[in-house]
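Take the sequence shown: its position 88, counting from 1, is numbered 126 in my numbering, and each next residue is one higher. In this text, a Cβ means the ideal position worked out from N, Cα and C, and glycines have one as well. Below is one structure, written out as structure tokens; the observations come after it.
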Amino acid sequence: MSDQPALQLRDVSRHYVQAGEPLRILRKVNFEIWPGQSVALIAPSGAGKSTLLHLAGLLEHADGGELFICGAATSHMNDKERTALRRDAIGFVYQFHHLLPEFSALENVMMPQLIRGLAKEEAGRRAAELLEYLGLAHRAGHRPAEMSGGEQQRVAIARAVANAPRLLLADEPTGNLDPKTADHVFDALTQLVRATGLAALVATHNMDLARRMDRRVTLEEGQVVELP
39 MSDQPALQLR DVSRHYVQAG EPLRILRKVN FEIWPGQSVA LIAPSGAGKS
89 TLLHLAGLLE HADGGELFIC GAATSHMNDK ERTALRRDAI GFVYQFHHLL
139 PEFSALENVM MPQLIRGLAK EEAGRRAAEL LEYLGLAHRA GHRPAEMSGG
189 EQQRVAIARA VANAPRLLLA DEPTGNLDPK TADHVFDALT QLVRATGLAA
239 LVATHNMDLA RRMDRRVTLE EGQVVELP
């Protein structure tokens, strides 16, 4: 295990203003995830799951405290620095795959690498390796509409980790899938986490899948609470 967390929140607070009054979502949260750990985030709607994921993904700013990504403090970073850190260190998987429909599976996985500046040949090689690892080599030339839901979501996972991030954030990644397909996608996700030393925070309502992760946490009264 690394000597520093992939994600660390130190006294992090976040609130919104509703009808002129502050709505406190997170209250001085202390929480960390270490490389190679998969953590299930289980909480009812409105508890703050999306807020926590948005903060961890540097999509929102905390109102107080400090958030670290791989040891780097982020509160005083400007937008350019946050964008660069998000691009290089964080991968995102959503409930819907958000693949680009006009591109093949291979091209979709190549895209974030090309944006980062990797040569086309190298990006293609890495994308092909990831698709093969996830059992999708035979789908590399297929567009999203030609693939099943589970295949599309596995391509989305490959795209999320294409730039070798240290932190993966997933928001209900199996929420649109039937139980058997969800199980297959979840296995692919956890296999990647263990093989690469990636840290993963996965918001899910699927308790069966959550029990198979390294840790389970919930949100209670603005605090992150460990579950058995």
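By alpha-carbon distance to F141, the top candidate from V193, G129, M245 and D221 is V193. Annotated as distal: H136 and S113, with beta-carbon spacing of 9 Å or more. Minimum Cα-Cα distance from E264 among the listed residues N68, P60 and A57 corresponds to N68.
Beta-bridge partners of V231 (DSSP): none assigned. A check of alpha carbon separations from I107 across E70, V131, D101 and G74 identifies E70 as the nearest.
Within the DSSP bridge table, the entry for Q261 names E258 as partners. One Cα belongs to P217, the other to A241, and the distance between them is close to 16 Å.
Residue pairing by DSSP puts R52 in a beta bridge opposite L64. Around the beta-carbon of L61, fewer than 16 other beta-carbon atoms lie within 10 Å, marking it exposed. For the options A220, R177, V147 and G109, the alpha carbon positioned closest to that of L47 is the one of G109. Counting other Cβ atoms within 10 Å of its Cβ, V199 reaches 16 or more and is therefore classed as buried. In the DSSP assignment, E184 falls outside any alpha helix (DSSP H), carrying neither H nor E. By the neighbour-count criterion, in which 16 or more other beta carbons inside 10 Å mark a residue as buried, E189 falls on the buried side.
Between A208 and V131, the C-beta spacing is below 9 Å.
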